[in-house]
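Novice: Below is the structure I would like to discuss, written out as structure tokens.
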Amino acid sequence: MDPRLLSICAVHGVFLRRGANDLGYRDETIKKLVEARIWHRVRRGAYVFGETWRASDPSEQYRLFCLAAARQSKTEVIASHTSAVGFHGGPLWGLDTSVAHLTRTDGRTGRKAAGVQQHRGTLLDGDVVDVDGRPVISPTRAALEVTTLAPVEASLCVADDFLRRKLTTPEQLASRYALMTTWPATLTTDLVIRLADGRHESVGETRTAYLIWREGLPYAEPQFEVYDENGVLVARLDFAWPEHKLFLEFDGIQKYVKPLREGETITDVVLREKHREDLVCALTGWRCIRITWTDLARPHVMVQRVRNLLGSKSPV
């Protein structure tokens with residue numbers, strides 16, 4: 001790797017063709033480096049080293065794409081909307097990551113071309129924050145901006161994540177929303193603010209809560225705490241219907257990967273989770289329903305299953 005290009009990447013995340021040309025790389029050489037996968041073209045005229053791209057997950061690849069778009073902009077811009085969500089480490093589920101969203105600082109009308117959407121927006125105090133030395137739209141404003149582009153479910157995933165990580169608060173969302181009097185496409189923004197709940201600890205949990213609300217199921221208490229006879233906390237349940245003696249656990253892969261202790265396998269974690277479930281059922285007399293991403297892909301089946309259990313007092 002060329003140390004000169006490495007230093008550029010350290011500052012800007014990507015390097016541009018014109019910068020490579022200035023260092024002596026001719027266009028024909030650049031083409032061959034890309035074909036050999038030594039360099040990777042993030043977008044036309046912007047590159048990273050192939051190793052960097054292949055080692056990046058989809059979220060990081062989208063961030064690099066946004067950095068390239070901002071770097072190539074002919075006017076001063078700030079990562080906003082979906083792009084700001086990526087820079088803040090938020091969930092990109094359900095969001096369109098084929099477009100980089102950038103807000104102009106000159107107040108002029110934005111344009112859309114080649115996977116880049118420029119926005120015109122009035123920036124108020126607190127709307128811009130520093131992320132790794134770069135100006136980015138604040139989490140509060142970004143969560144609201146996303147509601148103008150994405151469906152309620154995807155927008156909720158962002159709002160819940162930012163609330164859980166304390167990047168914003170319900171009060172901040174509501175007060176900033178009150179100033180969005182001239183923003184277009186905000187019909188669902190108020191709904192997202194009202195449904196957002198920072199107690200949901202993953203995209204899967206947010207989607208489950210939204211499904212419960214959308215289908216008119218009884219409200220399920222998130223992160224319901226269960227104590228033993230000595231008053232010791234033994235479990236925190238993803239969702240609970242105490243009056244129906246039923247609780248629901250969302251089984252995403254992270255539930256079984258994150259708790260891995262030194263020397264443990266996923267099987268060990270699964271067995272420990274099963275022991276936890278058995279203990280909760282023994283202490284409360286409740287029943288448990290477990291769902292996965294597959295269940296969310298066929299919501300009507302999952303909802304009917306929950307309805308049946310809510311209306312039944314017999315064991316699962």
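Sequence positions in the sequence shown follow full-length UniProt numbering and run 1 to 316.
Yeah, the Cβ is synthetic: ideal placement off N, Cα and C, and Gly gets one too.
Note that the coordinates shown come from a computational prediction; the quantities given were computed from them, not determined experimentally.
1) For a test of the three-state rule: what should DSSP assign to Arg17, helix, strand or coil?
2) Would you mind sorting Ser7 into buried or exposed? The rule is 16 or more other CB atoms within 10 Å of its CB.
3) How long is the line joining the alpha carbons of Thr168 and Glu35, rounded to whole angstroms?
4) Quick check: the stretch 144-164 against the stretch 80-96, are at least 3 beta-carbon pairs closer than 8 Å?
5) With three or more beta-carbon pairs closer than 8 Å as the criterion, would you say the stretch 18-35 touches the stretch 81-90?
6) Here's the rule: buried if 16 or more other CB atoms are within 10 angstroms of the residue's CB, otherwise exposed. What is Leu5?
7) Might you give, ordered along the chain, the residues of its own chain that have their beta carbon closer than 6 Å to the beta carbon of Lys166, omitting 5 neighbours on each side?
8) Does the stretch 17-30 come close enough to the stretch 61-73 that 3 or more CB-CB pairs lie under 8 Å?
9) From this set, Glu229, Arg199, Asp160 and Arg290, which residue's C-alpha is nearest Leu246's C-alpha?
10) According to DSSP, is His88 part of a helix, a strand, or is it coil?
11) Please state whether DSSP places Val257 in a helix, a strand or coil.
12) Under three-state DSSP, which class holds Glu171?
13) Starting from Phe162, follow its DSSP beta bridges and name the residues at the other end.
14) For Val48 and His40, I'd like the C-alpha separation in whole angstroms.
15) If we ignore side chains and look at the alpha-carbon of each, how far apart do Asp161 and Arg44 end up?
16) Would you mind giving the Cβ-Cβ distance between Arg104 and Val77, rounded to the nearest angstrom? I have them listed as a contact below 8 Å.
17) Between the stretch 108-120 and the stretch 166-186, do at least 3 Cβ pairs fall closer than 8 Å?
18) Expressed to the nearest angstrom, what Euclidean distance is found between the alpha-carbon atoms of Asn308 and Tyr177?
19) Below 9 Å between beta carbons: does that hold for Ala209 and Pro222?
Specialist: Well, looking at it:
1) helix
2) exposed
3) 44 Å
4) yes
5) no
6) buried
7) none
8) no
9) Arg290
10) coil
11) At Val257, the pLDDT of 49 sits below 50, so the modelled position is not reliable; the number obtained from the coordinates is stated separately. If DSSP states are grouped into helix, strand and coil, Val257 belongs with the helices.
12) helix
13) According to DSSP, which records beta bridges pairwise, Phe162 is partnered with nothing at all.
14) 5 Å
15) 33 Å
16) 6 Å
17) no
18) 39 Å
19) yes
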